[in-house]
Structures are given as C-alpha cells and as structure tokens.
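Enquirer: Residues 0 to 359 in numbering that gives the first Met the number 0 are what the sequence shown lists, from first letter to last. Where a beta carbon is used, it is the ideal one built from N, C-alpha and C, also for glycine.
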Amino acid sequence: MPKLDRYLLGEFAQAVLATLTVLLIVCVGGALTDVLGDIARGRVPAGLLLAQLGLVLLNWLPVIMPLALMLGLMMAMGRLYRDAEMPVIASIGVGPRRMLKPLLWVMVPLVAVVAACSLWLGPWAERLSRELINEANRNTLVAGLEPGRFTELPGGGGVAFVGEMTGDGRRFDRVFVYRQSDDRINVTTSNEGLLKAGEDGERYLVLNNGFEVEGPRNGGQDYRLMRYASNEVRMPPGKEKFDLDEPKALPTVALVGDPRPEAVAQLHRRLAPPLLALAFALMAIPLARSMPRQARYGPMLMGFLGYLIGVNLMLVGSGWLAKGTIPPVLGLWWLVLPLLVVGVWLYSTDGRMRRPRVRA
Numbered sequence: 000m001p002k003l004d005r006y007l008l009g010e011f012a013q014a015v016l017a018t019l020t021v022l023l024i025v026c027v028g029g030a031l032t033d034v035l036g037d038i039a040r041g042r043v044p045a046g047l048l049l050a051q052l053g054l055v056l057l058n059w060l061p062v063i064m065p066l067a068l069m070l071g072l073m074m075a076m077g078r079l080y081r082d083a084e085m086p087v088i089a090s091i092g093v094g095p096r097r098m099l100k101p102l103l104w105v106m107v108p109l110v111a112v113v114a115a116c117s118l119w120l121g122p123w124a125e126r127l128s129r130e131l132i133n134e135a136n137r138n139t140l141v142a143g144l145e146p147g148r149f150t151e152l153p154g155g156g157g158v159a160f161v162g163e164m165t166g167d168g169r170r171f172d173r174v175f176v177y178r179q180s181d182d183r184i185n186v187t188t189s190n191e192g193l194l195k196a197g198e199d200g201e202r203y204l205v206l207n208n209g210f211e212v213e214g215p216r217n218g219g220q221d222y223r224l225m226r227y228a229s230n231e232v233r234m235p236p237g238k239e240k241f242d243l244d245e246p247k248a249l250p251t252v253a254l255v256g257d258p259r260p261e262a263v264a265q266l267h268r269r270l271a272p273p274l275l276a277l278a279f280a281l282m283a284i285p286l287a288r289s290m291p292r293q294a295r296y297g298p299m300l301m302g303f304l305g306y307l308i309g310v311n312l313m314l315v316g317s318g319w320l321a322k323g324t325i326p327p328v329l330g331l332w333w334l335v336l337p338l339l340v341v342g343v344w345l346y347s348t349d350g351r352m353r354r355p356r357v358r359a
C-alpha cells in the first residue's frame, strides 16, 4: 500500500474510532437510564441489569455506527483542509477517485458490521432480551422482586413485600402479601415462606406462622382475622410480558415473505441502516470541503442535521409501512435510493473544476 494511502487510512480510522467511542459512552448513559427505569417499574429483574444493558447497546449499534462513520470522516477531512494538507495532496494529482481506496478500507468493514448488527445481531439481542425477562418472570414471583421493597404481583392482582430472600428466589423471610379481587381484599403476613409449584402447574406461596385478614374492598365491617401455622397462598399466574412472535423479535429470514404490515416494516427497517451508512460515508468527503484555517464544525453540524433527518424519515417510513399508509413494494426505497444517488454524485463531482463557457 502506498504511503499516502496508509496515511489517509490512519487518519480516517483514528477519527472514526474516536467518534464511535464518544458516541458509545453517551449511549451507555441513555441505555442505563432506560434499563434502570424498567427495573424500577418491575418490568425487568434487577439481576439482569448488565445483560440487558449489553443487549440494548447491541441493538442500538445500527443507528450509532453510521453517525460515527460520517462524523469521523468529516473530522479527518476537516483537519486535512484546516492544516492545508488537502491542497498539497490535490496539487500532486490526488482526487476523489485516488482517495477512494483508503476510504473503502474504512468504509466497507464498518458498513459490513452495521449490516451484521442490523440483520442478525440486533434481532438476536432483542429476542434474547425478551426470553431472559420472560424466564425470570416464570421463575420468580414477579419481575424485580427484591428484599425491602414492594413489588406488583403479575397481572396487577396486588403487591408483595419480603424482608429477606435467598439467592434462588425460593425462600423468604418477613413476608407481606396484599391481594385484591372485584369486591374483596386479603392481607397475609408471615415470618417465613417458600415458593413451590403445584401439580396443576399453579404457583403457591407456602407461609408459616402468620396472620391473614380478609374483608370487603369498598367499606363495611365484614372482616375476618385468622392466625395459622401453615398457609398456602395461590399466586396470580405470571404473564409473558414480551411476545416472542412479534416481528421485532423474529430473525430477518423469518420476515422475508411475511405478509403482515408490521413484518414488512421491520424488514425494511433492518435493510436501511447499512445502505444509509454507505450513503452518509460518501457524502462526508465532499461535505467536509473547506478553506484552510476555516472552522470545521460548521460542515459537521450540517452533516449531523442531515443524519437526523434521514434517521427520522426512516422511523416515520417504518411507521407508515406498519400502518399500511404506503404500499409494501415501495418500502423505504424512496428514502435509501435517492440518498445513495446523491452520495455517489457528490463524491464523484467533488473537486471537479467547471468547464468555462465558450462565448460566441
């Protein structure tokens, strides 16, 4: 590889890697906030914090990496223009076609990673996330059950509180269970208890040495207080909070040929990110053109705004496909193909001198 190609490749790769690192750090904070919010609402068990955080980030990569590729290339080219290196490079006959080789060495691997994340790793992460949460909901009383806090029972049938709990989530100390039906309430307390499954598949909380109070929900004095040595409390059935048959959780191959509008929308949404990454990468080189010593952040702001518009149009178009507003044949090609054409045209005409008009 010629020295110039190695130099440009190093500049491009360093800038893209630095931009991707910064964006990932920012996204970790956003993903952590979302996961902690789900844990606080009882939708995700606290023990799945790190697993869910990693899976969420993996699902976000198809959206993050095109922006990192575009901004990184613009930063590298902006520095070359600012330090007057690009005019020197252009003076020895190096144009857009000559720079295409080092650009492809950076662009092709990243576009391939975006395609892999969008078509395979992202759906796999989404499905695995749902399977982990559903499995946790089946194995414990409720998702997010922790010692020292009240947690809603599955199905919204009441709340439960445990003072202490073993690591496997089967034995409890200082138990409080509040259940309600249409017209009755039931409050059960106990010093200790354990969770077991009956022969009928139902789950029972076996409590020892406690009290139970039952009475009307909407007022009245028809209350009963009982003290027991052993009591089995039938728990509401755990529900599958996340459907594994939704198009979002299905593999990409399973979406091909699926006539559901939601499946068509999900398929096109997975096909769009790698093509958008290619288009934005081609646009980055001509958009970064500037005069020596000129600030490079103005073109980067324009590129960032263009990225936001493209991604938002992708999301809006996916919603239109899911609702049947636009035909499935049209898909998201109305967005992707024009951007690719514009990117190729901008790159091919970058730096080309206009032919002077001949006056008669």
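1) Cα-Cα, which of S289, G297 and V335 is closest to V310?
2) Compute the beta-carbon to beta-carbon distance between M299 and M74, rounded to the nearest angstrom, for a pair I have assumed lies under 8 Å.
3) Classify N217 as buried or exposed, calling it buried when 16 or more other Cβ atoms lie within 10 Å of its own Cβ.
4) What did DSSP end up calling E130 once you bin it into helix, strand or coil?
5) Which same chain residues, not among the five before or five after V105, have their C-beta less than 7 Å away from its C-beta?
6) Terminal residues of the continuous alpha helix (DSSP H) containing A83?
7) Quick one: what's got a C-beta closer than 7 Å to G209's C-beta in the same chain, skipping five residues either side?
8) So if DSSP puts P258 in a beta bridge, which residue, or which two residues, is it bridged to?
9) Rounded to the nearest angstrom, what separates L194 and G214 at their Cα positions?
10) Excluding the 5 residues flanking L3 on each side, which residues of the same chain have their C-beta closer than 6 Å to its C-beta?
11) From this set, P327, N133 and V158, which residue's C-alpha is nearest R268's C-alpha?
12) Note the first and the last residue of the continuous beta strand (DSSP E) segment covering S229.
13) With distances taken between CB atoms, is the gap from L54 to A124 smaller than 7 Å?
14) If you run the structure through DSSP and keep just helix, strand and coil, what is R354?
15) Hey, could you find the ends of the alpha helix (DSSP H) G147 is sitting in?
16) Would you mind sorting G36 into buried or exposed? The rule is 16 or more other CB atoms within 10 Å of its CB.
17) Considering only residues of the same chain and omitting the five flanking positions on each side of A283, which have a CB-CB separation below 6 Å?
Expert: From the atom records:
1) Checking every option, the nearest Cα to that of V310 belongs to V335.
2) In this structure M299 is in contact with M74, their Cβ atoms being roughly 7 Å apart against a cut-off of 8 Å.
3) N217 should be labelled exposed.
4) Looking at E130 - three-state DSSP - the assignment turns out to be helix.
5) The beta carbon of V105 sits closer than 7 Å to the beta carbons of L8, F11, A12 and V15 from its chain, once the five residues preceding and following it are set aside; these are given in chain order.
6) In this chain, A83 is not harboured by any alpha helix (DSSP H), its DSSP state being neither H nor E.
7) Non-local beta-carbon contacts of G209 in its own chain, meaning distances under 7 Å to residues more than five positions away in sequence, involve T187, T188, S189, N190, Y227 and N230 in chain order.
8) For P258, which the question treats as bridged, DSSP gives no partner whatsoever.
9) Spanning the two alpha carbons is a distance of roughly 25 Å.
10) Counting only Cβ-Cβ distances below 6 Å, and skipping sequence neighbours, we find nothing.
11) Closest in C-alpha terms to R268, from the list P327, N133 and V158, comes P327.
12) Start and end: R223 to R233.
13) Going by C-beta atoms, L54 is nearer than 7 Å to A124.
14) Bear in mind that a pLDDT of 45 at R354, under 50, signals an unreliable position, so the number given afterwards is only what the model happens to contain. R354: coil per DSSP, three-state reduction.
15) Per DSSP, G147 belongs to no alpha helix (DSSP H) and is neither H nor E.
16) Answer is exposed; the Cβ neighbour count stays below 16.
17) Closer than 6 Å at the Cβ level, and outside the excluded window around A283, lie M69, L72 and M73.
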